[in-house]
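Reading through the structure tokens given below for one structure.
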Amino acid sequence: MTLLERVPMFTDLPPLTWLRAFEAAARLRSFTHAATELHLTQAAVSKHVRSLELHLRQQLFLRGPRSLDLTKTGEAYLPKVQDALDRLATGTREVFGHRRTEVLTLRCAVSFAVNWLTPRLPGFLALHPGRTLRIISTVWNDDPVKGAFDLDIQYGTGDWPGITSHRLTWERITPLCAPDLPKRLPLDRPDDLQAHQLLHVMGYQEGWGRWLTAAGAGRVDPGQGLQLDTSLMAFELAAAGAGIALGRSSLAAKDRASGRLIAPFALDLPIEEAFYLLQPDQGKAHPDAGQFVDWIKAEVAKGQPTGT
6 MTLLERVPMF TDLPPLTWLR AFEAAARLRS FTHAATELHL TQAAVSKHVR SLELHLRQQL
66 FLRGPRSLDL TKTGEAYLPK VQDALDRLAT GTREVFGHRR TEVLTLRCAV SFAVNWLTPR
126 LPGFLALHPG RTLRIISTVW NDDPVKGAFD LDIQYGTGDW PGITSHRLTW ERITPLCAPD
186 LPKRLPLDRP DDLQAHQLLH VMGYQEGWGR WLTAAGAGRV DPGQGLQLDT SLMAFELAAA
246 GAGIALGRSS LAAKDRASGR LIAPFALDLP IEEAFYLLQP DQGKAHPDAG QFVDWIKAEV
306 AKGQPTGT
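In case it helps, our numbering puts the sequence shown at residues 6 to 313.
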């Protein structure tokens, strides 16, 4: 007899905390992301979901080493729970009103947050004192999730169904390395890169292969080198002399201006991919979302290239 079979049948409704944990985890397909949204620990979310499964005597999730999927029972239960929570939230707003004190939540790629957004953010806070803002950093270019964030900054081509996208950058890519690297190992022409370790950032479609082709570096294997998950790590390794990063202009501007990284070649190649600010087309917008969108578009306009 399993543990689920030993639990007596329930005669009352499950606690709301269990249902909220289940709904968030099922929608986001992640206990970790659900914990972030609900301001709980991952362990707490997992415990709430497990308690709900025991209460219902049904398994709701298929748990894998790196995946979280709903069972057929979980798939059938999710819309029922979401409808109930939506009705409760709507009724609460009708009676008590929508509070402006809710935090504006922005999800942002960590490299973009550190290199582009953070230096400019004091300007927004100075223009709108007292406004609350929560920034959730992400490494992977995850799909936008309805209701999980008020605004989202993603990297791509601007095509997200059901989403209004505002272009933030016009990217150019070029190899970047430590200032003393060319003195230790020649970097006189693009084909010299075959003797160096290339640093790749996963998730970018336009990468080393694109630049090497444009530079005519046919002797260089575009796939050799290290695979990394953030530009931050690539730049750190490049600055330490451990390889050569392919820098995107919006992310590398600070390191290039300081001289921490240099561009050994003249080719600064424009690409189509860029960072975008995303707004869901449906659902009630946060009351402060418009102010943030207007501010960030104004910041973009200050440095936007002519003719773009």
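Virtual Cβ for every residue (Gly too), placed ideally from N, Cα, C. Small disclaimer: the values here were computed from a predicted structure and weren't measured.
*asked:* Which residue marks the beginning of the alpha helix (DSSP H) containing residue 295, and which one marks its end?
replied: Taking the sequence shown and counting its residues from 1, the one referred to as residue 295 is at position 290. From DSSP, the alpha helix (DSSP H) with residue 295 extends over 294-308.
*Give the DSSP bridge partners of residue 275, in chain order.*
Sequence index remark: in the sequence shown, residue 275 carries index 270 (1-based). Residue 275 pairs with 177.
*Is there contact here, the region 135-145 with the region 253-260, by at least three beta-carbon pairs under 8 Å?*
no
*asked:* Between which residues of its own chain and residue 129 is the CB-CB distance below 6 Å, once the five residues before and five after are set aside?
replied: Locating residue 129 in the sequence shown gives position 124, counting from the first residue. Counting only Cβ-Cβ distances below 6 Å, and skipping sequence neighbours, we find 300.
*asked:* Tell me which residues share the same chain as residue 1 and place their Cβ nearer than 7 Å to its Cβ, disregarding the 5 neighbours each side in the sequence.
replied: Past the boundaries of the shown model lies residue 1; the chain is included only from 6 to 313, so the question cannot be answered.
*Contact between the region 279-297 and the region 193-206 (3+ Cβ pairs under 8 Å)*: no
*What are the start and end residues of each continuous alpha helix (DSSP H) run of 4 or more residues lying completely inside the region 47-78, in chain order?*
47-61
_If you follow the alpha helix (DSSP H) that residue 260 is in, where does it begin and where does it stop?_
The residue you call residue 260 lines up with position 255 of the sequence shown. 254-263 is the span of the alpha helix (DSSP H), which, as asked, contains residue 260.
*Specify the secondary structure class of residue 23 as computed by DSSP and reduced to three states.*
Sequence index remark: in the sequence shown, residue 23 carries index 18 (1-based). Here residue 23 sits in helix by DSSP.
*Would you mind working out which of 305, 26, 180, 234 sits nearest residue 279, comparing C-alpha positions?*
By 1-based counting over the sequence shown, the position of residue 279 is 274. Looking at the Cα atoms, 305 is the closest of the given residues.
*When the Cα atoms are used, what is the spatial distance from residue 159 to residue 17?*
Sequence index remark: in the sequence shown, residue 159 carries index 154 (1-based). Sequence index remark: in the sequence shown, residue 17 carries index 12 (1-based). Approximately 43 Å, taken between the alpha carbons.
*Give me whichever residues DSSP pairs with residue 157 in a beta bridge.*
Here residue 157 refers to the residue found at position 152 when the sequence shown is read from its first residue. DSSP lists 112, 283 as partners of residue 157.
*Kindly indicate which three-state DSSP category residue 17 falls into: helix, strand or coil?*
Translated into the one-based positions of the sequence shown, residue 17 becomes position 12. Here residue 17 sits in coil by DSSP.
*Give the secondary structure of residue 206 by DSSP, where H, G and I count as helix, E and B as strand, and everything else as coil.*
Residue 206 sits at position 201 when you count from the first residue of the sequence shown. Three-state DSSP puts residue 206 in a strand.
*Note down, in chain order, each residue of its chain lying with its Cβ closer than 8 Å to the Cβ of residue 303, except the 5 sequence neighbours on either side.*
Within the sequence shown, numbered from 1, the residue matching residue 303 stands at position 298. None.
*At which residues does the alpha helix (DSSP H) containing residue 236 begin and terminate?*
Mapped onto the sequence shown, residue 236 falls at position 231. Segment 236-244, the alpha helix (DSSP H) holding residue 236.
*Measure the Cβ-Cβ separation of residue 282 and residue 186 and say whether it is below 8 Å.*
On the sequence shown, position 277 is the one that residue 282 refers to. On the sequence shown, position 181 is the one that residue 186 refers to. In this structure, residue 186 does not lie closer than 8 Å to residue 282 by Cβ.
*Minimum C-alpha distance to residue 53 - residue among 230, 73, 28, 92*: On the sequence shown, position 48 is the one that residue 53 refers to. Closest option to residue 53, Cα to Cα, is 28.
*According to the Cβ coordinates, are residue 194 and residue 274 closer than 8 Å?*
Position 189 of the sequence shown, counting from 1, holds the residue named residue 194. Position 269 of the sequence shown, counting from 1, holds the residue named residue 274. Their beta carbons are not under 8 Å apart, which means residue 194 does not touch residue 274 by this criterion.
*Please report how far the alpha carbon of residue 154 lies from the alpha carbon of residue 126, in whole angstroms.*
As a working note, residue 154 is residue 149 in the sequence shown. As a working note, residue 126 is residue 121 in the sequence shown. Taking the straight line joining both Cα atoms gives about 18 Å.
*When 67, 201, 182, 142 are compared against residue 38, the one with the closest alpha-carbon*: Along the sequence shown, read from residue 1 onward, the residue named residue 38 stands at position 33. Comparing Cα-Cα distances from residue 38 to each of 67, 201, 182, 142, the minimum goes to 142.
*Taking the alpha-carbon positions, what's the residue 108 to residue 89 distance?*
Indexing the sequence shown from 1 puts residue 108 at position 103. Indexing the sequence shown from 1 puts residue 89 at position 84. Going from the Cα of residue 108 to the Cα of residue 89 covers about 23 Å.
*Would you identify the three-state DSSP class for residue 171, choosing helix, strand or coil?*
Start at 1 with the first residue of the sequence shown, and residue 171 comes out as number 166. Residue state, collapsed to three classes: strand.
*Is it buried or exposed for residue 277, if we count other Cβ within 10 angstroms and need 16 for buried?*
Working through the sequence shown from its first residue, we reach residue 277 at position 272. Per the 10 Å Cβ criterion, exposed.
_For residue 143, the first and last residue of its enclosing beta strand (DSSP E)_ = Stepping through the sequence shown from its first residue, residue 143 is reached at position 138. Per DSSP, residue 143 belongs to the beta strand (DSSP E) from 138-143.
*asked:* Measuring straight from C-alpha to C-alpha, what distance separates residue 197 and residue 82?
replied: As a position in the sequence shown, residue 197 is number 192, starting the count at 1. As a position in the sequence shown, residue 82 is number 77, starting the count at 1. Taking the straight line joining both Cα atoms gives about 59 Å.
_Whole-angstrom C-beta distance between residue 144 and residue 260, which should lie under 8 Å_ = Stepping through the sequence shown from its first residue, residue 260 is reached at position 255. Stepping through the sequence shown from its first residue, residue 144 is reached at position 139. The pair is not a contact, with the Cβ atoms about 19 Å apart (cut-off 8 Å).
*Can you name the start and end residues of the alpha helix (DSSP H) that residue 266 belongs to?*
Start at 1 with the first residue of the sequence shown, and residue 266 comes out as number 261. Looking at the DSSP string, residue 266 is not in any alpha helix (DSSP H), and its letter there is neither H nor E.
*Would you report the Cα separation of residue 166 and residue 184, rounded to the nearest angstrom?*
For the purposes of this step, residue 166 is identified with residue 161 of the sequence shown, where counting begins at 1. For the purposes of this step, residue 184 is identified with residue 179 of the sequence shown, where counting begins at 1. Those two C-alpha atoms are separated by around 43 Å.
*Between the Cα of residue 236 and those of 227, 74, 250, 110, spot the shortest distance and give me the residue it belongs to.*
Here residue 236 refers to the residue found at position 231 of the sequence shown. Checked all of 227, 74, 250, 110; the closest Cα to residue 236 is 250.
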